[in-house]
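Going by the working numbering, the first residue of the sequence shown is number 1154, and it counts up by one from there.
Glycine is no exception: its CB is placed at the ideal position from the N, C-alpha and C atoms.
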Amino acid sequence: MTPARALALTVHALVALGLAACASSAGSTAAPSPTTGASPVLPTMTPEATIAVPEPGWFTSDGTALWLLTATGKIGRLDPTTNSLGTLAVVDATHKDGGFAASPRGVWLADFDTDLLYRMDPASLKVVARIRVGTNPEGVAVDPRSGAVWVANH
């Protein structure tokens, strides 16, 4: 075996070992093989809790809890420590599926019809700001590091 061939086999073996190590990491899944078409191996998951959610709609996370926006425009916090849904607050937006995001500084809801972004206090869920954002906002994202809020318009 030539030195170049031995080096190539070693590199391929190391890449294969690295991929196998990544695939066996907690929560990881292996990508399907492009040559075999095999399906990825998915980890077995068992729910830790089941929480009844009335009128489920959209979910988002602020890094500490899961937030719910119902199909009728109510917002609530799912507490991961108690596995319970907090009080649902009604938001006065007219078109409630323009975008939804949360951060420790606020819960954000874009109103497609009025071109407003609502900022709610995460503790009280009271609207603390109405911000004009452009035509027909459809998406909201919050950068967890800077706190910047991004809105995508139609």
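Cβ neighbours of residue i in the same chain (closer than 6 angstroms, five flanking residues each side left out)
| i | result |
| --- | --- |
| ARG1258 | GLY1300 |
| GLY1229 | LEU1221, LEU1238, GLY1239 and LEU1241 |
| GLY1210 | LEU1222, THR1223 and ALA1224 |
| VAL1275 | Correcting the residue type first, residue 1275 is Pro in the shown sequence and not Val. Cβ within range, chain order: VAL1260. |
Own chain, CB closer than 8 angstroms to residue i, minus 5 neighbours either side, in chain order
| i | result |
| --- | --- |
| GLU1201 | ASN1236 |
| GLU1208 | THR1223, ALA1224, THR1225 and LYS1227 |
| ILE1204 | LEU1231, ASN1236, SER1237 and LEU1238 |
| SER1214 | TRP1220 and ALA1255 |
Between the CA atoms of residue j and residue i - distance to the nearest angstrom
| i | j | result |
| --- | --- | --- |
| ALA1224 | PHE1212 | 11 angstroms |
| ILE1284 | LEU1262 | 10 angstroms |
| VAL1280 | TYR1271 | 6 angstroms |
| SER1277 | VAL1243 | 12 angstroms |
| LEU1269 | VAL1260 | 14 angstroms |
| VAL1295 | HIS1307 | 18 angstroms |
| PRO1196 | VAL1206 | 26 angstroms |
| GLY1216 | THR1199 | 21 angstroms |
Buried versus exposed call for residue i [16 or more other C-beta atoms within 10 Å across all chains shown]
| i | result |
| --- | --- |
| GLY1287 | exposed |
| TRP1303 | exposed |
| ARG1298 | exposed |
| ASP1266 | exposed |
| MET1273 | buried |
Cβ pair residue i, residue j closer than 8 angstroms
| i | j | result |
| --- | --- | --- |
| PRO1290 | GLY1251 | yes |
| ALA1255 | ASP1232 | no |
| ALA1282 | GLY1292 | no |
Residue ranges of each beta strand (DSSP E) run of no fewer than 3 residues wholly in the segment 1222-1300, ordered along the chain?
1227-1232, 1253-1256, 1259-1264, 1269-1273, 1280-1285 and 1290-1295
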